[in-house]
Structures are given as structure tokens and as C-alpha cells.
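S.K.: Structure provided below as C-alpha cells; questions to follow.
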Amino acid sequence: MLLSRMGSISVKRDVASSMTFSKLQSLDGEDRLGLFIIIKILIISTSSCLFFLQLQQLFKK
Numbered sequence: 032m033l034l035s036r037m038g039s040i041s042v043k044r045d046v047a048s049s050m051t052f053s054k055l056q057s058l059d060g061e062d063r064l065g066l067f068i069i070i071k072i073l074i075i076s077t078s079s080c081l082f083f084l085q086l087q088q089l090f091k092k
């Protein structure tokens, strides 16, 4: 169940990143870099959150 949830999250993330990349091309350099860093931080935080959820599931068994 957790794997299917992670799969849907990664699909949503791919769609969101492709949408943001098309928006990023209309911005100038500094704004683009700032948004890119924010997106990377969000992706890293969600993936680490999923990782800790998986660890918690493992230790509950």
C-alpha cells in the first residue's frame, strides 16, 4: 500500500516539476534559480518524510 502511494506521489511530482519547468523558462535568471532551489528543498523534504514513514512501519511489525 505504501509503495502504491509513493508511486502516485512520484507521478504527481513529475507532473508538477514539468509544469514548473515550463513556467521557469519565462522567468529571468535569479528568480529561476530561487524557485529551483525551493522546489529541490520541497522534493528532498517529502522524500525524507516518506523514508521516515517507511522506517516507522518497519519498526511497528
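When we follow my numbering, the leftmost residue of the sequence shown carries the number 32, and every step to the right adds one. Glycine included, every Cβ here is placed at the ideal spot set by N, Cα and C. Just so you know, these numbers come straight off a predicted model, no measurement behind them.
Output the distance between the C-alpha atoms of K71 and F82, rounded to the nearest integer angstrom.
M.R.: When rounded, the distance between both Cα atoms is 16 Å.
S.K.: Could you tell me the alpha carbon to alpha carbon distance between R63 and L89, rounded to whole angstroms?
M.R.: If I take the Cα positions, the gap works out to 39 Å.
S.K.: Between L136 and S76, what straight-line distance do the alpha-carbon atoms span, to the nearest angstrom?
M.R.: Summary: the structure shown does not reach residue 136, with the chain confined to residues 32 through 92, and so no result is reported for it.
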